[in-house]
Structures are given as C-alpha cells and as structure tokens.
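Numbering (this note's numbering), first residue to last: 29 to 113.
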C-alpha cells in the first residue's frame, strides 16, 4: 500500500518537538527528510510518487534508532540532551 505521506510528515513534525530520538533523526537524516518534504511540496496532488524519498528517510531513521538503542539503556537521554529540554 502507499504511504499517506502527508500524515507521515505531520506525525514526524508533532513528535519531533518533544522526542530526543526524533530530534536526532531529523538532524542525522535531514538530507533525506528534506528531499521527502521537497517532493511533497512539488507534488501536492500525487504524494504517492514520493514513496522512494519516504523509504530513504525511513531507512535512515531506522539506522539512527537501531544505533541509539544499541548504545544507550532503555529510557536514557541521548548524550548532549539535558533532561527536561
């Protein structure tokens, strides 16, 4: 099935503000996320064509998630983020 790209970008934006891991994904995957957002802007009526960009971004996000869960105990704040930030 096709991604609902608009929903995906909305939920990413909403959680990014309060989730350190998502902030890290946005930083580390900003290139692929930027390409995805650009695709959505250029094709507002055919967001299904942005599937490859969405996949790139999700692949990157997955790598960030896996590397961070390997490196830090569950629930620990990633390095460089103050609690309550």
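Just so you know, even glycine gets a beta-carbon here, dropped at the ideal spot from N, CA and C.
Local conformation of residue i per DSSP, three classes
| i | result |
| --- | --- |
| residue 66 | helix |
| residue 58 | helix |
| residue 20 | With the chain covering 29 to 113 only, the question about residue 20 has no answer from this structure. |
Proximal residues to residue i (C-beta, below 8 Å), its chain only, five neighbours per side dropped
| i | result |
| --- | --- |
| residue 47 | none |
| residue 71 | 77 and 78 |
| residue 63 | 81, 84 and 85 |
| residue 92 | 49, 52, 53, 56 and 57 |
Presumed contact (8 Å Cβ cut-off) between residue i and residue j, rounded CB distance
| i | j | result |
| --- | --- | --- |
| residue 84 | residue 60 | 4 Å |
| residue 68 | residue 75 | 6 Å |
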